[in-house]
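One structure is given here, and the rest of the page talks about it.
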Amino acid sequence: MKVFGIIVVTIGCILLQGCDTQETKVVKYMKCRIAVDEIGDQQAKVNFRMHGVTSVFGDEIPEMSGYDSMRLQQEARDDLKMDVPNKRLSVENLIDEYEKSYCADIHQSPQKEKIKELKYILNL
Numbered sequence: 047m048k049v050f051g052i053i054v055v056t057i058g059c060i061l062l063q064g065c066d067t068q069e070t071k072v073v074k075y076m077k078c079r080i081a082v083d084e085i086g087d088q089q090a091k092v093n094f095r096m097h098g099v100t101s102v103f104g105d106e107i108p109e110m111s112g113y114d115s116m117r118l119q120q121e122a123r124d125d126l127k128m129d130v131p132n133k134r135l136s137v138e139n140l141i142d143e144y145e146k147s148y149c150a151d152i153h154q155s156p157q158k159e160k161i162k163e164l165k166y167i168l169n170l
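Shown next as structure tokens:
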């Protein structure tokens, strides 16, 4: 009986970990989308719309309820500190997200001058 319980718990943990991985990908996608929307140029936005979903999810686009989508969107906004009064922190997080390799691979528009200018303003 104990062995059966251990097997059930192990299988449950594996299944939950799989869901977490998918949710993590969704949050990652949403954070990159927010960063591109906020500080990306027009080309970055076009590239993100064309390549974003397939770059993050491949052929396995997750199916989720509207509630889960809203919950994960809020989690992405919270991670980026989008709703806090300190906008400096929000901009720093947006720049960090925009420059992450997976996000840069999607938007393919480094905007070095704009990012450099934003970093300069933040350091004043």
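Residue numbers (this note's numbering): 47 to 170.
No residue lacks a Cβ here, since even glycine has one placed at the ideal position from N, Cα and C.
query	result
Gln120 versus Met110 - alpha carbon distance	15 Å
Three-state secondary structure (DSSP) of Gln154	coil
For Val130, the three-state DSSP class (helix, strand or coil)	coil
Terminal residues of the alpha helix (DSSP H) in which Met116 lies	Gly112 to Asp125
Exposed unless 16 or more other CB atoms sit within 10 angstroms - verdict on Lys165	exposed
Sequence-distant residues of the same chain with beta carbon closer than 7 Å to Pro108, five excluded per side	Gln68 and Val72
Residue span of the alpha helix (DSSP H) that contains Lys91, given as start and end	Gln88 to Phe103
Val130 classed as buried or exposed, judged by whether at least 16 other C-beta atoms fall within 10 angstroms	exposed
Assigned secondary structure, Asn146 (DSSP; H/G/I helix, E/B strand, else coil)	The sequence given here has Lys at residue 146, not Asn. In the structure shown, Lys146 sits in coil (DSSP, three-state: anything other than H, G, I, E or B).
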